[in-house]
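These notes concern the structure reproduced below.
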Amino acid sequence: MDSLFDDIGDAFSGFALQNLLEVAIITVVLFWLLRLLSGTTAMTVVRGIALIALAIIILSRVLDSVVLNWLAGNAVAVLALFVLIVFQPEFRRALERIGRAGGLASVLFAPAAQSYRDFVTILSDAAAAMAARKVGAIIVVERETGLQDVVETGIAVDASPTAELLEGIFQPGGPLHDGAVVVRHGRVVAASCMLPTAINQQAVDPHLGTRHRAAVGITEQTDAVVVVVSEERGEISLAADGKLLRPLDRRRLENALATLLHGGNGRVRRGETAPVRR
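To convert, note that position 202 of the sequence shown is 1123 in this note's numbering; the numbers rise steadily by one, no gaps.
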């Protein structure tokens, strides 16, 4: 342990202004790259690999193990190469975002998020209104796992959500009616998006359609929350954690959404909802 602190002290003892500038530049570049990847599913894997690499480095210093020292010297570079190869499409799309969206400023700064309470109310109102008119809809709410891959399959929107906007998007015969709407940080970012189908087909009633299977599919692969309105039954469903809750009335939908979206880490099991807010 003493050697670890000695190494840290030696590293900082010779710091000059130029060194501080280099550290600042590297920090900005790393932050920029992380922001580029923050909207993709690759970010979750990158985070896990970074934690493993950090643990190896710390243990190698503390235990002074020959094997761990070898891993610390070689594994980090191998893991970095692995990430670049496996997630090459995500890196490419992230770099394309700079050219399409106006450069570094658009990556570093995002629109202000809407209050989750307001959003839950808007989404519940829209779902109830569409269910009453038997208008089919599927709305995906991004949480920790980025959905940029899904967003890029649809049409960019970038608008504050309102019940009228959501109902207009899913109006039968409209240009954006087919596919899913994606909501990120309290804003509608895309419509007419393609979603993967469910891997666990047993999680979906065989009488349900493609919207419900897509809702379960995306929640199997990510931590997204999905609201589905059936145009055949006029029924509201909620998908989360690869499970489908149905049927829901407006109040139960609002309670479940509040549980899931408050802080972004709530979980709902089949048949459970949050306490009623009055």
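Ideal Cβ placement from N, Cα and C applies to all residues, glycine included. Keep in mind it's a predicted model, so treat the numbers as computed, not measured.
How is the alpha helix (DSSP H) around Arg1134 delimited, first residue to last?
Counting along the chain, the alpha helix (DSSP H) containing Arg1134 begins and ends at Thr1131 to Gln1142.
Is it buried or exposed for Arg1054, if we count other Cβ within 10 angstroms and need 16 for buried?
Arg1054 should be labelled exposed.
Looking at Asp1039 and the ligand PLP, is the gap between the Cβ and the nearest heavy atom below 6 angstroms?
The ligand PLP is absent from the structure shown, which contains no ligands of any kind.
Opening and closing residue of the alpha helix (DSSP H) in which Ser1113 lies:
Segment Arg1108 to Cys1114 is the beta strand (DSSP E) holding Ser1113; no alpha helix (DSSP H) there.
My output table needs one value for Ser1158: the three-state DSSP class, helix, strand or coil.
For Ser1158, the secondary structure class from DSSP, reduced to helix, strand or coil, is strand.
Cα-Cα separation, Gly1107 to Pro1082:
Whole-angstrom Cα-Cα distance: 7 angstroms.
Please state if the CB of Val1072 and the CB of Ile1090 are separated by a distance shorter than 7 angstroms.
Cβ atoms of Ile1090 and Val1072: not closer than 7 angstroms.
Is it the case that the Cβ atoms of Gly1075 and Ala1119 are separated by a distance below 7 angstroms?
Ala1119 is positioned such that its CB atom lies no closer than 7 angstroms to that of Gly1075.
For Ile1059, report the span of its beta strand (DSSP E) as first-last.
Looking at the DSSP string, the run of the beta strand (DSSP E) that includes Ile1059 is Ala1058 to Val1062.
How about the region 1038 to 1056 and the region 1138 to 1147: do they share at least three Cβ pairs that are nearer than 8 angstroms?
With a cut-off of 8 angstroms, the region 1138 to 1147 and the region 1038 to 1056 do not count as touching, because too few Cβ pairs lie within range.
How big is the Cα-Cα spacing for Glu1088 and Ile970?
Those two C-alpha atoms are separated by around 41 angstroms.
Do you know how far the Cα of Ile1157 is from the Cα of Ser1151?
For Ser1151 and Ile1157, the distance between alpha carbons rounds to 7 angstroms.
Go ahead and pull the three-state DSSP assignment for Ile1120.
Ile1120 carries a coil assignment under DSSP once its states are collapsed to helix, strand and coil.
Contact belief for Leu862 with Ala1048 at Cβ below 8 angstroms, rounded distance in angstroms
The structure shown does not extend to residue 862, since the chain spans only 922 to 1199, so no value can be given for it.
Own chain, CB closer than 6 angstroms to Val1149, minus 5 neighbours either side, in chain order:
Excluding residues within five positions, the ones whose Cβ falls inside 6 angstroms are Ile1059, Arg1132, His1133, Ala1136 and Ser1158.
Spatial neighbours of Val1078 in its chain, beta-carbon cut-off 7 angstroms, leaving aside the 5 residues before and after
The residues Val1109, Val1110, Ala1111 and Ala1112, in chain order, have a CB closer than 7 angstroms to that of Val1078 in the same chain once the five nearest residues on each side in sequence are set aside.
What residue does the alpha helix (DSSP H) around Val1072 start on, and which one ends it?
Gln1069 to Val1072 is the span of the alpha helix (DSSP H), which, as asked, contains Val1072.
Label Arg1190 either buried or exposed according to how many other C-beta atoms from any shown protein chain fall within 10 Å of its C-beta, with 16 as the threshold for buried.
Low confidence applies to Arg1190: its pLDDT is 38, below 50, so where it sits in the model is not reliable, and the reading given next is rough at best. Classification of Arg1190: exposed, given that the 10 Å Cβ count is below 16.
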